[in-house]
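One structure is given below, encoded as structure tokens.
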Amino acid sequence: MPGSPDPVLGDWLLTHVVAVAAALGTVGVVYATRARSARGFLIPALLGGGYAVATLAVWTAARLATDAFPSGFVEDSLAAAGFFGFSFLLLAGFVVVAALLFARRGLVAPLVGLFGVTELVWWAFLHVRGETDALGMFLIVGPALLVLLFVAAGVEYAGRWVWRRFVRGGGRSAS
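Now the structure itself:
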């Protein structure tokens with residue numbers, strides 16, 4: 105179909121398998137480092153930075169392998185640096201937010217959101233030659249997904265508060 109992106113790995117199913125593996129790995133590392141993440145900001149920041157570098161490397165490798173760099177990136181290196189910088193901060197922010205909310209508040213919704221975002225982003229970044237490049241679309245959709253992650257965490261937090269306060273008797277012992 106004209107204008108639809110081509111999977112770099114050759115098959116849409118293989119692309120999903122790779123994206124799901126990346127998402128499971130990301131969530132697994134965040135889960136495994138929860139105790140260290142609860143004590144400080146350094147571990148979540150390092151995890152976020154590593155995640156952002158790996159994800160942007162996937163986008164770059166897919167375009168290098170297929171010679172499908174967007175023309176604006178080749179022509180204007182300053183704009184390309186801005187795209188990469190903002191994308192790096194946004195991608196790292198997903199991991200930092202999810203790691204801190206899980207480690208410090210025990211909220212699971214951010215981990216589910218991180219899984220979904222990672223699968224979606226890696227799947228999109230492993231496609232080339234569409235009408236719009238995935239990185240350009242991520243700069244529009246990414247902030248909305250980050251807000252959605254916060255909303256999901258807020259809903260979970262409120263639900264837990266209501267459950268503790270009203271359903272379980274306000275935390276008072278029955279004895």
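Counted the way our numbering counts, the sequence shown spans residues 105 to 279. Yeah, the Cβ is synthetic: ideal placement off N, Cα and C, and Gly gets one too.
Pick from the options that is closest to residue i, judged by C-alpha positions
i      : options                        : result
Leu239 : Leu215, Tyr135, Ala165         : Ala165
Val225 : Ala123, Leu117, Ala139, Asp115 : Ala123
Leu150 : Phe187, Phe177, Val199         : Val199
Arg233 : Arg138, Phe188, Ala169, Leu128 : Ala169
Trp163 : Asp237, Phe206, Pro247, Ala256 : Asp237
Leu252 : Trp265, Val216, Gly263         : Val216
Leu205 : Arg143, Trp116, Val121         : Arg143
Counted within 10 angstroms of its Cβ, other Cβ atoms place residue i as buried (16 or more) or exposed
i      : result
Glu223 : buried
Arg167 : buried
Ser279 : Its pLDDT being 49, under 50, Ser279 is placed unreliably by the model, and the measurement read from it follows with that caveat. Exposed is the call here.
Close-in-space but distant-in-sequence residues of the same chain around residue i (CB under 8 Å, 5 per side omitted)
i      : result
Thr119 : Pro111, Val112, Leu113, Trp227, Leu230, His231
Gly152 : Leu195, Ala196, Gly197, Phe198, Val199, Val200, Ala203
Rounded separation between residue i and residue j - CA only
i      : j      : result
Leu249 : Gly197 : 11 Å
Phe242 : Ser191 : 8 Å
Ala185 : Asp171 : 19 Å
Ser141 : Tyr135 : 9 Å
Ala161 : Phe177 : 15 Å
Close-in-space but distant-in-sequence residues of the same chain around residue i (CB under 6 Å, 5 per side omitted)
i      : result
Glu260 : Leu211, Ala213
Thr137 : Ile147
Residue-level contact to chain D via CB, residue i, 9 Å cutoff
i      : result
Val134 : Checking the listed chains, one finds no chain D in this structure; it contains a single protein chain.
Presumed contact (8 Å Cβ cut-off) between residue i and residue j, rounded CB distance
i      : j      : result
Leu128 : Tyr155 : Wrong, their Cβ atoms sit about 13 Å apart, outside the cutoff.
Val157 : Phe219 : Actually they are not in contact, since the Cβ atoms of Val157 and Phe219 sit about 19 Å apart, beyond 8 Å.
Chain-order list of residues whose beta-carbon lies under 7 Å from that of residue i (same chain, five-residue window excluded)
i      : result
Ala126 : Thr222, Trp226
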